[in-house]
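Numbering-wise (the working numbering), the sequence shown opens with residue 213 and increments by one.
Every residue gets a Cβ at the ideal spot worked out from N, C-alpha and C, and that includes glycine.
Please read all numbers here as calculations on a predicted model, not as lab measurements.
Each remark here refers to the structure printed beneath this line.
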Amino acid sequence: MEDKIKQKLAELQKTHNEFWNISPEIGKFLNMLIKSGNYKNILELGTSNGYSAIWLALALQENGGHLVTIEYSKERNEMARKNLEECNLLDKTTLLQGKILELLERLDLKLFYAHDNNDDTYIDFAFIDASKLEYIEYFNLIHPKLKKNGMIVADNVISHENKLWSYVDLMMAHEDYQTVKLNLGAGLLVSLKIK
Numbered sequence: 213m214e215d216k217i218k219q220k221l222a223e224l225q226k227t228h229n230e231f232w233n234i235s236p237e238i239g240k241f242l243n244m245l246i247k248s249g250n251y252k253n254i255l256e257l258g259t260s261n262g263y264s265a266i267w268l269a270l271a272l273q274e275n276g277g278h279l280v281t282i283e284y285s286k287e288r289n290e291m292a293r294k295n296l297e298e299c300n301l302l303d304k305t306t307l308l309q310g311k312i313l314e315l316l317e318r319l320d321l322k323l324f325y326a327h328d329n330n331d332d333t334y335i336d337f338a339f340i341d342a343s344k345l346e347y348i349e350y351f352n353l354i355h356p357k358l359k360k361n362g363m364i365v366a367d368n369v370i371s372h373e374n375k376l377w378s379y380v381d382l383m384m385a386h387e388d389y390q391t392v393k394l395n396l397g398a399g400l401l402v403s404l405k406i407k
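Shown next, in the form of structure tokens:
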């Protein structure tokens, strides 16, 4: 990792509480998951100031591929754009701003990089860290676009357990997914699509 990226991550980590950034530990974990799964088409819901997007896009430097990240706040979206640009990661990233459910519903999969043999595009890794009351709706829109062996990682499942218990229950019982809850940072739910 380049020094300027390390410096930017350290700078953004200082704003953790203000912008609800993930921990460095989670950033490294997500980065490792993407690299080890050779995932190329990454979707992030909840960009904030771009801290997590930097970790996701860094993995794509090795894997190739593209990150599409969606943020409701115009101000935060612009901050993320600036931060990704300073890290030379904008070429790997498309930033969308607006209501996440609306943008996700009409998401053009051609924004992503990799195609299968039929030239159909898909999502193969999704990171959810947005409105806690909408995780199930996010899942319902991501599920049909997620390829087999793709992964969904949801943040805050321990810190916001009172709002996310129904999402956790859904994923733990879903026959198309193998799911594990990890006590990492604010709590991660990692779901691998097996069917």
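Please state the DSSP three-state secondary structure of residue i.
| i | result |
| --- | --- |
| Asn229 | helix |
| Lys252 | coil |
| Asn261 | coil |
| Phe241 | helix |
| Ile234 | coil |
| Glu317 | helix |
| Glu223 | helix |
Look at residue i and residue j and say whether their C-beta atoms are less than 8 Å apart.
| i | j | result |
| --- | --- | --- |
| Tyr379 | Asn253 | no |
| Leu404 | Asn352 | no |
| Ala269 | Lys304 | yes |
| Ala271 | Thr281 | no |
| Tyr263 | Leu308 | no |
| Ala366 | Tyr347 | yes |
Excluding five sequence neighbours on each side, which residues of the same chain lie with their C-beta closer than 6 Å to the C-beta of residue i?
| i | result |
| --- | --- |
| Leu302 | Leu296 |
Tell me which same chain residues have a C-beta within less than 8 Å of the C-beta of residue i, skipping the five on either side of it?
| i | result |
| --- | --- |
| Leu394 | Leu400, Leu401 and Val402 |
| Lys311 | Tyr284 |
Quick one: residues in its chain with C-beta nearer than 7 Å to the C-beta of residue i, no 5 flanking neighbours on either side, listed in chain order?
| i | result |
| --- | --- |
| Met291 | Asn261 and Gly262 |
Using 8 Å for Cβ pairs, my map puts residue i next to residue j. What's the rounded Cβ distance?
| i | j | result |
| --- | --- | --- |
| Ile340 | Leu257 | 5 Å |
| query | Can you list, in chain order, the stretches of the beta strand (DSSP E) that have 3 or more residues and sit fully within the stretch 272–314? | reply | If we require 3 residues or more, the beta strand (DSSP E) runs fully inside the stretch 272–314 come out as 278–283 and 305–309.
Contiguous beta strand (DSSP E) assignments of at least 3 residues, all confined to the stretch 368–406
Entirely contained in the stretch 368–406, the beta strand (DSSP E) runs reaching 3 residues are, in chain order, 389–394 and 400–405.
For this session: Taking only runs that begin and end inside the stretch 331–369, name each unbroken beta strand (DSSP E) of 3 or more residues, in chain order.
Result: You should have 335–340 and 358–367.
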